[in-house]
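FYI, in the working numbering the residues of the sequence shown are 179 to 347. A short worksheet on the structure shown next.
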Amino acid sequence: MSALVELYDEEIEQFNVSQHAKIVSIRKKRMEKENAKKIAFQNFVNMLASIAIVLIIAGLFSSYIYKNSMVNEAKYDIFNLKSEIKSLNAKIEELSASIENQTELKNIEKIAMEQLNMVYPTQEQMVYIDANYHYALKDQSGELYAEPVQVVSKKPIFEQLFTALFNSN
179 MSALVELYDE EIEQFNVSQH AKIVSIRKKR MEKENAKKIA FQNFVNMLAS IAIVLIIAGL
239 FSSYIYKNSM VNEAKYDIFN LKSEIKSLNA KIEELSASIE NQTELKNIEK IAMEQLNMVY
299 PTQEQMVYID ANYHYALKDQ SGELYAEPVQ VVSKKPIFEQ LFTALFNSN
């Protein structure tokens with residue numbers, strides 16, 4: 179019986195060893211799977227962090243480009259406005275020169291003679307006025323003529339009193 183017990187113990191021992199090896203193998207596989215999951219999760223987190231950093235850098239770069247485009251657009255608008263100001267100033271100078279040219283005495287005389295059919299007055303049309311008299315325009319059957327008028331000027335009240343006091347004739 180002792181050989182049988184030994185054989186039985188040996189079989190149990192072999193069974194235990196094989197079971198222990200299977201358990202160790204299963205635990206190793208489970209640990210490898212858990213380690214693989216941890217590594218995969220860590221790789222996923224690292225990938226997300228990398229993508230986030232790339233997106234942040236891309237966002238900063240695109241905002242920088244956008245700001246520069248806005249600055250360049252403003253510079254372009256300023257350039258256009260300055261060129262418009264220059265053209266308007268040139269137009270103002272041109273119009274000022276045209277106004278000066280049109281208001282010269284020779285041009286006014288030319289326009290008066292050509293467009294308005296005006297002529298220089300003849301000797302009969304001229305009226306000479308003596309500066310010692312006051313004149314008023316009178317209408318005599320559709321024609322105006324100047325006629326001397328006697329003007330009664332009132333002296334100030336103090337001058338009238340003074341004259342009345344000292345000229346007692």
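All residues carry an ideal CB built from backbone N, CA and C; glycine is no exception.
_Considering only DSSP beta bridges, list what D187 is partnered with._
As a working mapping, residue 187 is identified with position 9 in the sequence shown. Answer is none; D187 lacks a bridge partner.
*Can you grab the Cα-Cα spacing for the pair K245 / K253, in whole Å?*
Taking the first residue of the sequence shown as position 1, residue 245 is located at position 67. Taking the first residue of the sequence shown as position 1, residue 253 is located at position 75. If you take the alpha carbons of K245 and K253, they lie about 12 Å apart.
_Where the alpha helix (DSSP H) through K307 begins and ends_ = Here residue 307 refers to the residue found at position 129 of the sequence shown. Residue identity differs from the one stated: residue 307 is Ile in this sequence, not Lys. From DSSP, I307 is part of no alpha helix (DSSP H); its letter is neither H nor E.
*Expressed to the nearest angstrom, what Euclidean distance is found between the alpha-carbon atoms of I256 and L273?*
For this step, residue 256 is matched to residue 78 along the sequence shown. For this step, residue 273 is matched to residue 95 along the sequence shown. Their backbone Cα atoms lie some 25 Å apart in a straight line.
_In whole angstroms, give me the CA-to-CA distance for E262 and A268._
Numbered from 1 along the sequence shown, position 84 holds the residue referred to as residue 262. Numbered from 1 along the sequence shown, position 90 holds the residue referred to as residue 268. Rounded to the nearest angstrom, the two C-alpha atoms are 10 Å apart.
*Helix or strand or just coil, what does DSSP make of M248?*
Here residue 248 refers to the residue found at position 70 when the sequence shown is read from its first residue. M248: helix per DSSP, three-state reduction.
*May I have the straight-line CA-CA distance separating R205 from I235, to the nearest angstrom?*
By 1-based counting over the sequence shown, the position of residue 205 is 27. By 1-based counting over the sequence shown, the position of residue 235 is 57. Straight-line Cα distance between these residues: approximately 44 Å.
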